[in-house]
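Here's the structure, in structure tokens; my notes come after.
Number of protein chains: 2
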Amino acid sequence: MIYVATIRVLPKAEVRDPQGEAIRGALRSLGLAVSDVRTGKEIVVTFEAADEPAARDAVGIMGTELLANPVIEDYAYELKEGAPA
Amino acid sequence: MIYVATIRVLPKAEVRDPQGEAIRGALRSLGLAVSDVRTGKEIVVTFEAADEPAARDAVGIMGTELLANPVIEDYAYELKEGAPA
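Chains A and B, in that order, give the protein sequences.
So in the numbering used here, the last spot in the first sequence is 87, and the numbers never skip.
So in the numbering used here, the last spot in the second sequence is 87, and the numbers never skip.
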């Protein structure tokens, strides 16, 4: 089966996010009443797995082994069957 | 009203994504049958707006003026009322 996982990696709430702070300043200078900005990564992975439990195991490996740094980042994902939109 | 917009910025399908290609190679070397990886940014913005149409206008300004490069990137967003989770 083909699966598509959308993995979102965000810095933990207690970790500073300098890129988000810079964006906040830039958005404020556009005249928007922005109070907080957090930035993260989104990784859309198309992969093959035998079934859904195997696919979830694979996404767990992707998240913890490569995509997120568990010390400072959290990740969440959505898993869909089939080709990407 | 406080709104929270989750803005996702992804490279257009016809644009090369070298970071995604690198991640694909790394995931394959972990033994995963990955066929495609696309990487993007996720920006979670907490801001104030008078009502929902005004909030959507503000997100449009964020997307086109600052966060996405419309030549090579597409963006999509979700808008919620209230404080971030």
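Every residue, glycine too, gets a C-beta built ideally from N, C-alpha and C.
Straight-line gap, residue i to residue j (C-alpha atoms, nearest Å)
{"i": "A:G97", "j": "B:V46", "result": "Since the first residue of chain A shown is 3 and the last is 87, residue 97 of chain A is not available in this structure."}
{"i": "A:R30", "j": "B:E67", "result": "12 Å"}
{"i": "B:G84", "j": "B:G33", "result": "42 Å"}
{"i": "A:T48", "j": "B:I74", "result": "21 Å"}
{"i": "A:R10", "j": "B:E44", "result": "8 Å"}
{"i": "A:Y5", "j": "A:R40", "result": "28 Å"}
{"i": "B:K82", "j": "B:A7", "result": "6 Å"}
{"i": "A:I63", "j": "A:Q21", "result": "27 Å"}
{"i": "A:E23", "j": "A:E50", "result": "38 Å"}
{"i": "A:V36", "j": "A:A52", "result": "45 Å"}
{"i": "B:E80", "j": "B:A28", "result": "31 Å"}
{"i": "A:I109", "j": "A:Y77", "result": "Outside the displayed range of chain A (3 to 87) lies residue 109 of chain A, so it cannot be described from this structure."}
{"i": "B:V61", "j": "A:D19", "result": "20 Å"}
{"i": "B:P72", "j": "A:M3", "result": "34 Å"}
{"i": "B:D38", "j": "B:A15", "result": "12 Å"}
Residue i - partner residues in DSSP beta bridges
{"i": "B:A1", "result": "Since the displayed chain B opens at 3 and closes at 87, residue 1 of chain B lies outside it and no answer follows."}
{"i": "A:G42", "result": "B:E44"}
{"i": "B:V36", "result": "A:F49"}
{"i": "B:L12", "result": "B:D76"}
Buried versus exposed call for residue i [16 or more other C-beta atoms within 10 Å across all chains shown]
{"i": "A:V17", "result": "exposed"}
{"i": "B:P91", "result": "No answer is possible for residue 91 of chain B: the residues shown for chain B start at 3 and end at 87."}
{"i": "A:D90", "result": "Because chain A spans 3 through 87 in this model, residue 90 of chain A falls outside it and cannot be assessed."}
{"i": "A:G65", "result": "buried"}
{"i": "B:P141", "result": "It is not possible to answer for residue 141 of chain B, since the shown part of chain B is limited to 3 through 87."}
{"i": "B:A57", "result": "buried"}
{"i": "B:A70", "result": "buried"}
Could you run through the segment 39-52 of chain A and flag, in chain order, every residue whose CB is less than 9 Å away from some CB of chain B? V39, R40, T41, G42, K43, E44, I45, V46, V47, T48, F49, E50, A51
To be precise: take each residue of the segment 48-80 of chain B, compare its Cβ to all Cβ atoms of chain A, and keep it if any distance is under 9 Å. Which residues remain? T48, F49, E50, A51, A60, I63, M64, E67, L68, L69
What are the residues in the segment 24-38 of chain B lying within 7 Å of chain A by C-beta distance? I25, A28, L29, L32, L34, A35, V36, S37, D38
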